[in-house]
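Novice:
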Amino acid sequence: MKIKEKFKIREIVPFLSLIVVIVFFEIVTNGTLLTLKNMKLIFNQAFVLIIGSVACSFIVAQGDVDFSMGSMVGITAVCAAWISQAAGGLALPAAMLLGAALGIINGILFVKFKIPSFVVTLSTLMVLRGLTIFIAGGGSVSVPFSLYKYDSFSLKLILCIVVIMAATFCFNYTKLGKWSKAIGSGITAAHQSGVPIGKMRLFGYGLSAAMCGLCGFFNMVRAGSAATNTGNFFETDILIALVLGGMPLSGGSTSKIRCAVIGSLTLAILINGMVCWNLNEKVQQGIKGVIFLIAVWLTFDKKNTSLIK
0 MKIKEKFKIR EIVPFLSLIV VIVFFEIVTN GTLLTLKNMK LIFNQAFVLI IGSVACSFIV
60 AQGDVDFSMG SMVGITAVCA AWISQAAGGL ALPAAMLLGA ALGIINGILF VKFKIPSFVV
120 TLSTLMVLRG LTIFIAGGGS VSVPFSLYKY DSFSLKLILC IVVIMAATFC FNYTKLGKWS
180 KAIGSGITAA HQSGVPIGKM RLFGYGLSAA MCGLCGFFNM VRAGSAATNT GNFFETDILI
240 ALVLGGMPLS GGSTSKIRCA VIGSLTLAIL INGMVCWNLN EKVQQGIKGV IFLIAVWLTF
300 DKKNTSLIK
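Going by numbering that gives the first Met the number 0, the residue at position 120 of the sequence shown is 119; the numbering climbs one at a time, nothing skipped.
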């Protein structure tokens, strides 16, 4: 009975957190939060978070982690900006293909060379950030005006819905999701059951990085350029969004795509609300850190001590 009650609490907390955040900031901002203009701004902030966290769910469900997502967004955005100046619309597929290739490299280093995922992705984070600075020439790369048409609310909304629906279907009704959760629940049991662990990890990192390419493209279009700081702290925001949504970082059967969606919306509203409340950036970072710790404490399965493989 206690186990069931604890499970129900973990299921309800993310929804309650979202409601509390909305109500609190609607009050302290004197009704600014839920104006139509501000809600569109919140969606623009939540869009890349949702895309990134949904993709990362396939990694986290396996009990692994990807600290390189911010650098992936940065380097794909800068490369896409350069390509857009010569080839326009080819910038989007190029960004996603580059991201997928870099993600597979992450997966190979993890799977074939047996380097822990957090070591691999932390190293990749630093290497790719250095490459981004080099490619951007230490500044920024502008994009053609013709690409601004992709910074469309309706396009982002449709794309967001498609990604969520496709990921939910794969996660719940195909082997990709079931195998990912099986690895997180117990790698030995998954191996004995015939789950292709190596291939699934390659798939997870490839998918995550490809979606980082997508995020990098839309970040570039929205800003009108790609800079050396594009994507900074994106991986941190993804992790915060996932735990806010109730995703256990230890992975396993309780991992759900809705955790990524709810957590991303909660974080986007939280960030926007703090800005509307005129809190300075240092205070915002401190609040996000405290919330992250609390969320991990509430969602982490303490019986599974292998947090990062």
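Built from N, CA and C at the ideal position, the CB exists for glycine as well.
(1) If you draw a straight line from the C-alpha of asparagine 228 to the C-alpha of valine 119, how long is it?
(2) By a C-beta neighbour count over all protein chains shown, 10 Å radius and 16 as the cutoff for buried, is threonine 46 buried or exposed?
(3) Can you tell which of Ile270, Cys275, Ser252 has its C-alpha closest to the C-alpha of glycine 394?
(4) Indicate whether the contact test is met: 3 or more Cβ pairs, each with one atom in the stretch 190-209 and one in the stretch 35-50, closer than 8 Å.
(5) Fully enclosed by the stretch 79-145, which beta strand (DSSP E) runs are 3 residues long or longer?
(6) How many whole angstroms separate the CB atoms of leucine 146 and serine 83, which I take to be in contact at a CB cut-off of 8 Å?
(7) Short of 8 Å in beta carbon distance, which residues of its chain neighbour glycine 138, apart from the five on each side in sequence? Order them along the chain.
(8) Taking the beta strand (DSSP E) that alanine 60 belongs to, which residues open and close that run?
(9) According to DSSP, simplified to helix, strand and coil, what is serine 224?
(10) Alpha carbon to alpha carbon, how far is glycine 245 from leucine 130?
(11) For a test of the three-state rule: what should DSSP assign to leucine 255, helix, strand or coil?
(12) Note down the Cα distance separating alanine 80 from glycine 183, rounded to an integer number of angstroms.
(13) Suppose you measure from the CA of cysteine 211 to the CA of methionine 95; what does that come to, to the nearest Å?
(14) Would you call valine 26 buried or exposed, if buried means 16 or more other Cβ atoms sit within 10 Å of its Cβ?
(15) Do asparagine 231 and glycine 69 have their CB atoms nearer than 9 Å?
(16) Using beta-carbon positions only, say whether phenylalanine 233 and cysteine 258 come within less than 9 Å of one another.
(17) For proline 13, count neighbouring C-beta atoms within 10 Å of its own C-beta (all shown protein chains included) and say buried if the count is 16 or more, exposed if not.
(18) Hey, quick one: how far does the alpha helix (DSSP H) through asparagine 171 stretch, first residue to last?
(19) Thinking C-beta only, is alanine 86 closer than 9 Å to alanine 93?
(20) Find the nearest neighbour of threonine 28 within the set Leu158, Ser141, Trp276, judged by alpha-carbon distance.
(21) Under a three-way DSSP split, which group does valine 194 fall into?
(22) With a 10 Å radius around its C-beta and 16 neighbouring C-beta atoms as the bar for buried, classify valine 242 as buried or exposed.
(23) Which residue marks the beginning of the alpha helix (DSSP H) containing valine 242, and which one marks its end?
Specialist: For this structure:
(1) For this step, residue 228 is matched to residue 229 along the sequence shown. For this step, residue 119 is matched to residue 120 along the sequence shown. Rounded to whole angstroms, asparagine 228 to valine 119 spans 21 Å at the Cα level.
(2) Here residue 46 refers to the residue found at position 47 when the sequence shown is read from its first residue. Checking the sequence shown, residue 46 turns out to be phenylalanine, not threonine. So phenylalanine 46 counts as buried.
(3) There is simply no residue 394 to check, as the chain begins at 0 and stops at 308 in what is shown.
(4) no
(5) Listed in chain order, they are 139-141.
(6) Numbered from its first residue, the sequence shown carries residue 146 at position 147. Numbered from its first residue, the sequence shown carries residue 83 at position 84. That belief holds up - the Cβ atoms of leucine 146 and serine 83 are roughly 6 Å apart, short of 8 Å.
(7) If you number the sequence shown from 1, residue 138 lands on position 139. Once the five neighbours on either side are set aside, the close Cβ partners of glycine 138 are Ala226, Thr227.
(8) Translated into the one-based positions of the sequence shown, residue 60 becomes position 61. Here alanine 60 belongs to no beta strand (DSSP E), and DSSP marks it neither H nor E.
(9) By one-based count along the sequence shown, residue 224 stands at place 225. Serine 224 falls in the strand class under three-state DSSP.
(10) Numbered from 1 along the sequence shown, position 246 holds the residue referred to as residue 245. Numbered from 1 along the sequence shown, position 131 holds the residue referred to as residue 130. Answer to the nearest angstrom: the Cα atoms are 34 Å apart.
(11) Residue mapping note: residue 255 aligns to position 256 of the sequence shown, counting from 1. A quick correction: the sequence has lysine, not leucine, at residue 255. In the structure shown, lysine 255 sits in coil (DSSP, three-state: anything other than H, G, I, E or B).
(12) Here residue 80 refers to the residue found at position 81 of the sequence shown. Here residue 183 refers to the residue found at position 184 of the sequence shown. Using only the alpha carbons, I get a separation of about 37 Å.
(13) Within the sequence shown, the letter at position 212 stands for residue 211. Within the sequence shown, the letter at position 96 stands for residue 95. So the two alpha carbons sit approximately 7 Å from each other.
(14) Along the sequence shown, read from residue 1 onward, the residue named residue 26 stands at position 27. Per the sequence shown, residue 26 should be read as isoleucine rather than valine. Counting Cβ neighbours within 10 Å, isoleucine 26 comes out exposed, since fewer than 16 surround it.
(15) Your numbering for residue 231 matches position 232 in the sequence shown. Your numbering for residue 69 matches position 70 in the sequence shown. Going by C-beta atoms, asparagine 231 is nearer than 9 Å to glycine 69.
(16) Sequence index remark: in the sequence shown, residue 233 carries index 234 (1-based). Sequence index remark: in the sequence shown, residue 258 carries index 259 (1-based). No, Cβ-Cβ distance for phenylalanine 233 and cysteine 258 is not below 9 Å.
(17) Stepping through the sequence shown from its first residue, residue 13 is reached at position 14. When all chains shown are included, proline 13 counts as buried.
(18) What you label residue 171 is simply residue 172 of the sequence shown in a count that begins at 1. Here the alpha helix (DSSP H) through asparagine 171 covers 152-172.
(19) Indexing the sequence shown from 1 puts residue 93 at position 94. Indexing the sequence shown from 1 puts residue 86 at position 87. Cβ distance < 9 Å, so alanine 93 and alanine 86 count as in contact.
(20) Counting from 1 along the sequence shown, the entry for residue 28 is found at position 29. Threonine 28 has its Cα closest to that of Trp276, out of Leu158, Ser141, Trp276.
(21) What you label residue 194 is simply residue 195 of the sequence shown in a count that begins at 1. Three-state result, valine 194: coil.
(22) Residue 242 sits at position 243 when you count from the first residue of the sequence shown. The residue is buried, with at least 16 neighbouring Cβ atoms inside 10 Å.
(23) Here residue 242 is taken as the residue at index 243 of the sequence shown, counted from 1. Unbroken alpha helix (DSSP H) run through valine 242: 233-243.
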